[in-house]
DNA sequence: CGTGAACCTGAGAGAACGCTGAGAATCTCT
DNA sequence: AGAGATTCTCAGCGTTCTCTCAGGTTCACG
């Protein structure tokens, strides 16, 4: 069975997600589609293998632990058939399955759970970029710039040091400039997909970010929209 | 089998509402149809599951507490069958049912009762928009503009700050320009659908809005239609 | 012109919301 | 192991928002 949520005529990147855990699958589908990818889901290894051979995808997210046929096997068989679609493997943290083994079987990259969505996107972009020899564009909002490839953030030429979490938050905001982003969405993207802590964490990190990107420059790029979320506002340089 | 969640400009979006409480179901049907959606109703979980598999919907509103088969189960079975129609779950506030669990079973989003219709519409639009990578259009009435994605309201280029409630009210009015909207309808859409307070609340908030969007500009966009309701009048710039 | 219904508005209580500093827990690197 | 960086939790605080209420104003109509 093939399930496609496709928009005909558009040239969106197509991604196949092979994941049996419904919640994670649904989360990945939601998040990736919001980023403009066309996403198909397969719940078992055999389904995934079949879909990957029947259709053409730009990339594949492949869980290792799958019912029926595990991720290694799927990867191996695909490569044997001469299918070299870029594969990003999702490995559990507990070490039962090995990351080296993932690469052995022909995976291009791996990501260990739990991961934040922003990190997943970064890896996926890197995979898709490969072969096209394109460097990711530098993000800019006002005089604030962020270079995803070097992870350098600067404001008006002055480089700014950020911690990983601060960086992930800023990258997410800068990829949606001018948009109001609810705390809920921010948590889903910047923290683990199943983070269940206090949304206050967002307020805290917004505070940290402001201290580094706004306060020293005496302005107010990162706005609070009370009752709705936060917004990176290009208008106020 | 190919299932497509297509965005078709020409035909109306089809929404399946699975809700046993007759009054709420009827309210949702009326409200959504007024917004241009084609709405089907299922009163039990089994009915809902059957309709969702037989027909193709663009989205699904799914109550959790249902006779026969609860919302979690419906969602789970649909996902198992490979049906990834966007699902917005309606959860009761009392915490007996968990929001995390809703996402566990593969729901795309959830909304806890009581909710305002404007919020429901916003979430529904977000679900439908997903995958089309389109930003919602800016609403405009005369020289008054409202951008749902940035939540920015402006009049003749001058930005206007609104509280969440004021914003919801204005958005509702601006989605029905030139129409006379009875207080009752406004309460149903902008407040809870079973709000039972004083209708005076509408007068109060209309007053707040006027102070921000009309008074400073010396005109009268937001009209009172005595005995009938309120109207946002594009003619009077 | 008087009357009642509908509408407007200012004041204020209580709740919700967001910000912040302190400090605990965890991670990283030497 | 130890130092420092980073992440996260928590409680307190001030602000903002929501909603109610009571009294005032406007309007339609007899």
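Protein chains in written order, with this note's numbering: chain A, 35 to 271; chain B, 35 to 271.
Built from N, CA and C at the ideal position, the CB exists for glycine as well.
Fair warning: this is a prediction, and the values are worked out from it, not measured in the lab.
- Contact between residue 94 (chain B) and residue 119 (chain B) holds: their C-beta atoms lie close to 5 angstroms from each other, under 8 angstroms.
- About 13 angstroms separates the beta carbons of residue 263 (chain A) and residue 224 (chain A), which is beyond the 8 angstroms limit, so they are not a contact pair.
- Closer than 8 angstroms to the CB of residue 68 (chain A) there is at least one CB belonging to chain B.
- Close partners of residue 262 (chain A) in chain B (Cβ separation under 7 angstroms): 185, 198.
- Contact fails between the segment 174-188 of chain A and the segment 224-237 of chain A, because fewer than three Cβ pairs, one in each stretch, are under 8 angstroms apart.
- Taking a Cβ-Cβ cut-off of 9 angstroms, the neighbours of residue 113 (chain B) in chain A comprise 56, 59, 60, 75, 77, given in sequence order.
- Within chain B, the residues placing a beta-carbon under 8 angstroms from that of residue 265 (chain A) are 184, 185, ordered along the chain.
- The criterion of a C-beta distance shorter than 8 angstroms is satisfied by residue 98 (chain B) and residue 136 (chain B).
- Under DSSP, residue 193 (chain B) forms a beta bridge with B:188.
- Within the model, the alpha-carbon separation for residue 75 (chain A) versus residue 256 (chain B) is close to 48 angstroms.
- The Cβ neighbour count for residue 269 (chain A), taken over all protein chains shown within 10 Å, is under 16; the residue is labelled exposed.
- Among the CB atoms of chain B, none fall inside 8 angstroms of the CB of residue 51 (chain A).
- Interface criterion met: the Cβ of residue 213 (chain A) is under 8 angstroms from a Cβ in chain B.
- Remark: C-beta atoms of residue 102 (chain B) and residue 78 (chain B) approach each other more closely than 8 angstroms.
- 8 angstroms or more divides the Cβ of residue 110 (chain A) from the Cβ of residue 83 (chain A).
- Among the residues of chain A, those whose CB is under 8 angstroms from the CB of residue 110 (chain B) are 56, following chain order.
- Contact annotation, residue 51 (chain A) with residue 62 (chain A): C-beta distance approximately 5 angstroms; criterion of less than 8 angstroms satisfied.
- Using a Cβ distance threshold of 8 angstroms, residue 192 (chain A) and residue 181 (chain A) do not count as a contacting pair.
- Contact between residue 196 (chain B) and residue 246 (chain B) holds: CB atoms are separated by about 7 angstroms, below the 8 angstroms threshold.
- DSSP places residue 52 (chain A) outside any alpha helix (DSSP H); the residue lies instead in the beta strand (DSSP E), whose first and last residues are 48-52.
- The beta carbon of residue 202 (chain B) lies closer than 6 angstroms to those of 152, 224 in the same chain, with the five residues before and after it left out.
- According to the DSSP assignment, residue 87 (chain B) belongs to the alpha helix (DSSP H) that extends over 79-88.
- Pairing residue 81 (chain A) with residue 49 (chain A) gives a Cβ-Cβ distance that is not under 8 angstroms.
- When secondary structure is reduced to three states using DSSP, residue 98 (chain A) falls in the coil class, being assigned neither helix nor strand.
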